[in-house]
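K.L.:
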Amino acid sequence: MSPQIFELLVNATVETLYMVGLAALLGTLLGLPLGVLLATTGRGELLQNVAFNRIAGVIVNATRSTPFIILVVAIIPFTRLVAGTSIGTSAAIVPLTVAAIPFIARLIEGAIREVDRGLIEAAEAMGATPLQIIAKFLLPEALPGIVLGLTLAVVSLIGYSAMVGAVGGGGLGDLGIRYGYQRFLPEVMAAVVLVLIVLVQIVQSLGDLIARRVNKRAIGGR
Amino acid sequence: MIEFQGVEKVFSGRGGGPEVRALDGIDLSIGRGEIFGIIGRSGAGKSTLIRVVNMLERPTAGSVSVDGVDMAALDGAGLRDARRAIGMIFQHFNLLSSRTVYDNVALPLELAGLRKSEIKAKVEPLLELVGLGDKRDRYPAELSGGQKQRVGIARALSSEPKVLLCDEATSALDPETTTSILRLLADINAKLGLTIVLITHEMAVIKEICHRVAVMESGTIIERGDVFDVFTAPRHATTRSFVSSVVGAELPETLSERLVAEPVAGGNAVLRITFKGAMANTPIISQLTRRFGLDLNILHGRIDHIQDAPFGVLVVEAVGAADAVQSAISFINANNLSVEVLGHVPANLRAAG
Numbered sequence: 001m002s003p004q005i006f007e008l009l010v011n012a013t014v015e016t017l018y019m020v021g022l023a024a025l026l027g028t029l030l031g032l033p034l035g036v037l038l039a040t041t042g043r044g045e046l047l048q049n050v051a052f053n054r055i056a057g058v059i060v061n062a063t064r065s066t067p068f069i070i071l072v073v074a075i076i077p078f079t080r081l082v083a084g085t086s087i088g089t090s091a092a093i094v095p096l097t098v099a100a101i102p103f104i105a106r107l108i109e110g111a112i113r114e115v116d117r118g119l120i121e122a123a124e125a126m127g128a129t130p131l132q133i134i135a136k137f138l139l140p141e142a143l144p145g146i147v148l149g150l151t152l153a154v155v156s157l158i159g160y161s162a163m164v165g166a167v168g169g170g171g172l173g174d175l176g177i178r179y180g181y182q183r184f185l186p187e188v189m190a191a192v193v194l195v196l197i198v199l200v201q202i203v204q205s206l207g208d209l210i211a212r213r214v215n216k217r218a219i220g221g222r
Numbered sequence: 001m002i003e004f005q006g007v008e009k010v011f012s013g014r015g016g017g018p019e020v021r022a023l024d025g026i027d028l029s030i031g032r033g034e035i036f037g038i039i040g041r042s043g044a045g046k047s048t049l050i051r052v053v054n055m056l057e058r059p060t061a062g063s064v065s066v067d068g069v070d071m072a073a074l075d076g077a078g079l080r081d082a083r084r085a086i087g088m089i090f091q092h093f094n095l096l097s098s099r100t101v102y103d104n105v106a107l108p109l110e111l112a113g114l115r116k117s118e119i120k121a122k123v124e125p126l127l128e129l130v131g132l133g134d135k136r137d138r139y140p141a142e143l144s145g146g147q148k149q150r151v152g153i154a155r156a157l158s159s160e161p162k163v164l165l166c167d168e169a170t171s172a173l174d175p176e177t178t179t180s181i182l183r184l185l186a187d188i189n190a191k192l193g194l195t196i197v198l199i200t201h202e203m204a205v206i207k208e209i210c211h212r213v214a215v216m217e218s219g220t221i222i223e224r225g226d227v228f229d230v231f232t233a234p235r236h237a238t239t240r241s242f243v244s245s246v247v248g249a250e251l252p253e254t255l256s257e258r259l260v261a262e263p264v265a266g267g268n269a270v271l272r273i274t275f276k277g278a279m280a281n282t283p284i285i286s287q288l289t290r291r292f293g294l295d296l297n298i299l300h301g302r303i304d305h306i307q308d309a310p311f312g313v314l315v316v317e318a319v320g321a322a323d324a325v326q327s328a329i330s331f332i333n334a335n336n337l338s339v340e341v342l343g344h345v346p347a348n349l350r351a352a353g
């Protein structure tokens, strides 16, 4: 592999890490509260608000059912509004984040629903406020599930990030398509796939490790 | 301390099903410092009844007051304050798996906004009280069921409640552990003067520590009273079946299937003599033999203690003349023991049995 290609590979990896990292961060910041609300506003739940729950559910499902490549193109006006441009690595973070929010929200919702209802009853019997129940009971108890969910989200984002080459997003996927496929450089394609595999491995192992660390449910789980 | 007046709870049926009357006109008064037991089969409404005390379930009619405060009238912050004065422990403990023993016990105090030093000063003595001083940094998953319930008790006591609600607190524990947890509860009741309300489906739990008991069936209280009275003279059929599981008042089958209602020629009367309270120590059997010339054949019997008060049941076959048996019955009654003619058996019972 020539030094030029190697440099391209390094740059593309950095771009991918930048896009995925920022999209995961923003997606968590917005998806976490949304997930908590989805889990707690249903009928008979802590912050019951059926109308909100229905509407939020529909929007989340709509976003989740749009294929990512369509989403990228469909929200170009929004991307331009937010990022000032619709082309480039920073602009690509917008559709990645938009796709990550509902995905992460559903994962967080699922993790919170796994928490034993008896704990909520105990919390209420102790005189905890709804906010205290979320912060001191639901989130800490759901933490192992949340960590695994976020790991899954990051892995999915790495996959999505390969598609944002379509809007000039750069990154590993873009490199693979332009050099590996269009210029018939199979060693670039192989290198891209290898780097992606290694990235996903590292993310998954790290996620598993952290999830085990925070899980106190099983003896010897630390 | 806790007053229920005409409490009703109706659950609307799910998916258009029929509604369920979980509580149907409950009037009940629980005194300060009392250990009050509520027993019933599953679905009797006891679980709903205990949840109405701290408004985990809101009654659809009637009122519940705790320490003079009408609970149903409270909402939001007022209800949360009132709940802090009512501790609760659960069948499945409901501890936070992500927190250590210490942090679980500290939780109600954290919620109330106490400072770290204040929390420490309260939590450490509590851990000693429940015998878990050496387990403070363990996680619940590392503890046995009994130890988890001790954490639950310490947590419930941390906010210094006036009332402790126990929701089937020993039902998930083995008999030995149950005994140790009940001892702890009785101990706390004596030391702190705490009012304890416990629900259970096990009469042995009631017998072990309760002062008074109410028996529930289909949303109503069918019998109530001092534990000793309910055990020794149960009036309702359901109560009798609960009691018999503990005091063994049921006759063995080999005996009950031979009993006939009318006297048989050459047969003998079968009497059940119940000893209780101060009269339990009367040497009645030998007195009957000497005074009335009766031979008494003991068929079945059990002597028990209900919280240190002796209680015994003897089933005897009285071999002798009919008028001697009648005088014996009058004599037993005159001695403040109760006696009942269960029936008659052919004389060959012993040989056949």
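Here the protein sequences come in this chain order: A and B.
Here the first sequence is numbered in full-length UniProt numbering, starting from 1 and rising by one per residue.
Here the second sequence is numbered in full-length UniProt numbering, starting from 1 and rising by one per residue.
The beta-carbon is built from N, C-alpha and C at its ideal position, and this holds for glycine as well.
Predicted, not measured: the structure shown is a model, and the values here were computed from it.
#1: For Asp-174(A), which residues from the same chain have a beta carbon less than 6 Å from its beta carbon, with the 5 sequence-adjacent residues on both sides left out?
#2: Tell me, please, whether the region 185-193 of chain A touches the region 88-103 of chain A by the rule of three or more beta-carbon pairs shorter than 8 Å.
#3: Over what stretch of residues does the alpha helix (DSSP H) that includes Asp-208(A) continue unbroken?
#4: For Ala-261(B), report the span of its alpha helix (DSSP H) as first-last.
#5: At a CB-CB cut-off below 9 Å, which residues of chain B make contact with Arg-217(A)?
#6: Please state the DSSP three-state secondary structure of Met-19(A).
#7: Please list, in chain order, all residues of the same chain as Thr-40(A) whose beta carbon is under 6 Å from its beta carbon, the five residues on each side excluded.
#8: Enumerate in chain order the residues of its own chain whose CB-to-CB distance from Ile-112(A) is below 6 Å, with the five nearest sequence positions on each side excluded.
#9: Val-313(B) to Arg-138(B), Cα distance in whole Å?
#10: Let me know if Gly-266(B) comes out buried or exposed under the rule of 16 or more other beta-carbons within 10 Å of its beta-carbon.
#11: Are the CB atoms of Met-1(B) and Gly-37(B) nearer to each other than 8 Å?
#12: Please identify, using Cβ separations under 7 Å, the residues of the region 66-92 of chain B that lie next to chain A, in order along the chain.
#13: For Met-1(B), name the three-state secondary structure that DSSP assigns.
#14: What does DSSP give as the partner residues of Ile-273(B) in its beta bridges?
#15: In terms of alpha-carbon separation, which member of Leu-172(A), Pro-95(A), Ala-125(A), Ala-105(A) lies closest to Glu-7(A)?
#16: Could you run through the region 109-124 of chain B and flag, in chain order, every residue whose CB is less than 9 Å away from some CB of chain A?
#17: For the structure I just gave you, are there three or more beta carbon pairs, one from the region 203-216 of chain B and one from the region 173-183 of chain B, closer than 8 Å?
#18: Anything in chain B within Cβ reach of Ala-39(A), meaning under 9 Å, just list it in chain order.
#19: How should Thr-16(A) be labelled, buried or exposed, when 16 other C-beta atoms within 10 angstroms of its C-beta is the threshold for buried?
#20: By how many angstroms is the C-alpha of Asn-49(A) removed from the C-alpha of Gly-42(A)?
#21: Would you mind reading off the limits of the alpha helix (DSSP H) that contains Gly-57(A)?
#22: Between which two residues does the beta strand (DSSP E) harbouring Gly-87(B) extend?
#23: Pull up the distance between the alpha-carbon of Ala-125(A) and that of Thr-60(B), whole angstroms please.
#24: Taking all protein chains shown into account, do 16 or more other C-beta atoms lie within 10 angstroms of the C-beta of Leu-111(B), making it buried, or fewer, making it exposed?
#25: So Asn-94(B) contacts chain A; which residues on that side make the cut at Cβ distance below 8 Å?
#26: Could you work out which residue in Lys-136(A), Arg-106(A), Ala-99(A), Glu-109(A) is closest to Leu-109(B) when comparing CA atoms only?
#27: Show which residues of chain A have a CB atom less than 7 Å away from the CB atom of Asn-54(B).
#28: Which residue wins for smallest C-alpha separation from Met-71(B), given the options Met-55(B), Ala-85(B), Ala-186(B)?
#29: If you drop the 5 nearest sequence neighbours on each side, which residues of the same chain put their C-beta closer than 8 Å to that of Leu-204(A)?
#30: Could you tell me the distance, in whole angstroms, from the CA atom of residue 260(A) to the CA atom of Phe-68(A)?
#31: Mind pulling the chain B residues with CB within less than 7 Å of Thr-129(A)?
#32: How would you list, in chain order, the residues of chain B whose beta-carbon sits under 7 Å from the beta-carbon of Glu-141(A)?
#33: Could you tell me which residues DSSP puts in a beta bridge with Ile-303(B)?
#34: Which residues mark the beginning and the end of the alpha helix (DSSP H) in which Thr-179(B) is found?
#35: Just the Cα atoms here: how many angstroms apart are Ala-328(B) and Leu-288(B)?
#36: Which bits of chain B does Gln-132(A) rub up against, with CB to CB less than 7 Å?
P.N.:
Well, looking at it:
#1: Here residue 174(A) is taken as the residue at index 174 of the first sequence, counted from 1. For Asp-174(A), where only same-chain residues beyond five positions count, the Cβ hits under 6 Å are Gly-165.
#2: no
#3: Translated into the one-based positions of the first sequence, residue 208(A) becomes position 208. Looking at the DSSP string, the run of the alpha helix (DSSP H) that includes Asp-208(A) is 186-214.
#4: Translated into positions along the second sequence, residue 261(B) becomes position 261. It is not in any alpha helix (DSSP H) - Ala-261(B) carries neither H nor E in the DSSP assignment.
#5: Translated into the one-based positions of the first sequence, residue 217(A) becomes position 217. Neighbours of Arg-217(A) on chain B, chain order: Ser-97, Ser-98, Tyr-139, Pro-140, Ala-141.
#6: Translated into the one-based positions of the first sequence, residue 19(A) becomes position 19. Helix.
#7: Along the first sequence, one-based indexing puts residue 40(A) at 40. Leu-46, Leu-47.
#8: To locate residue 112(A), count along the first sequence from 1; it is residue 112. Correct list, in chain order: Ala-39, Leu-138, Ala-142.
#9: By one-based count along the second sequence, residue 313(B) stands at place 313. By one-based count along the second sequence, residue 138(B) stands at place 138. Computed Cα separation, rounded: 48 Å.
#10: Position 266 of the second sequence, counted from the start, is the residue given in the question as residue 266(B). Classification of Gly-266(B): exposed, given that the 10 Å Cβ count is below 16.
#11: Within the second sequence, residue 1(B) is the residue found at index 1, counting from 1. Within the second sequence, residue 37(B) is the residue found at index 37, counting from 1. Their beta carbons are not under 8 Å apart, which means Met-1(B) does not touch Gly-37(B) by this criterion.
#12: Arg-80, Asp-81, Arg-83, Arg-84, Met-88, Phe-90, His-92
#13: Position 1 of the second sequence holds residue 1(B). Correct three-state label for Met-1(B): coil.
#14: Working through the second sequence from its first residue, we reach residue 273(B) at position 273. Ile-273(B) is bridged to Leu-314(B), Val-339(B).
#15: Locating residue 7(A) in the first sequence gives position 7, counting from the first residue. Taking only the C-alpha atoms, the option nearest Glu-7(A) is Leu-172(A).
#16: Glu-110, Leu-111, Ala-112
#17: yes
#18: Position 39 of the first sequence, counted from the start, is the residue given in the question as residue 39(A). Here the premise fails: no neighbours, minimum Cβ distance about 17 Å.
#19: Mapped onto the first sequence, residue 16(A) falls at position 16. Buried.
#20: Here residue 42(A) is taken as the residue at index 42 of the first sequence, counted from 1. Here residue 49(A) is taken as the residue at index 49 of the first sequence, counted from 1. Between Gly-42(A) and Asn-49(A), the C-alpha separation is close to 6 Å.
#21: Taking the first sequence and counting its residues from 1, one reaches residue 57(A) at position 57. Its alpha helix (DSSP H) spans residues 50-65.
#22: As a first step, residue 87(B) is located in the second sequence; it is residue number 87 there, counting from the start. Gly-87(B) -> beta strand (DSSP E) spans 86-90.
#23: Numbered from 1 along the first sequence, position 125 holds the residue referred to as residue 125(A). Numbered from 1 along the second sequence, position 60 holds the residue referred to as residue 60(B). Their backbone Cα atoms lie some 19 Å apart in a straight line.
#24: Taking the second sequence and counting its residues from 1, the one referred to as residue 111(B) is at position 111. Leu-111(B) should be labelled buried.
#25: For the purposes of this step, residue 94(B) is taken as the residue at position 94 of the second sequence. Under the 8 Å cutoff, chain A gives Asp-116, Gly-118, Leu-119, Glu-121, Ala-122.
#26: On the second sequence, residue 109(B) is found 109 positions in, with the first residue counted as 1. Nearest of Lys-136(A), Arg-106(A), Ala-99(A), Glu-109(A) to Leu-109(B), Cα basis: Lys-136(A).
#27: Within the second sequence, the letter at position 54 stands for residue 54(B). The answer, in chain order, is Ala-125.
#28: Position 71 of the second sequence, counted from the first residue, corresponds to residue 71(B). Per the Cα distances, Met-55(B).
#29: Mapped onto the first sequence, residue 204(A) falls at position 204. Residue identity check: residue 204(A) is Gln in the sequence provided, not Leu. Contacts found: Thr-151, Val-155.
#30: Residue 260(A) is absent from the model: chain A starts at 1 and stops at 222.
#31: Mapped onto the first sequence, residue 129(A) falls at position 129. Those are Arg-80, listed as they occur along chain B.
#32: In the first sequence, counting from the first residue as 1, residue 141(A) sits at position 141. Leu-96, Ser-97, Ser-98, listed in chain order.
#33: The sequence position of residue 303(B) within the second sequence is 303, counting from 1. Looking at the DSSP assignment, Ile-303(B) forms a beta bridge with Gly-312(B).
#34: Here residue 179(B) refers to the residue found at position 179 when the second sequence is read from its first residue. Its alpha helix (DSSP H) spans residues 175-192.
#35: Position 328 of the second sequence, counted from the first residue, corresponds to residue 328(B). Position 288 of the second sequence, counted from the first residue, corresponds to residue 288(B). If you take the alpha carbons of Ala-328(B) and Leu-288(B), they lie about 6 Å apart.
#36: Along the first sequence, read from residue 1 onward, the residue named residue 132(A) stands at position 132. Those within 7 Å of Gln-132(A) in chain B are Leu-111.
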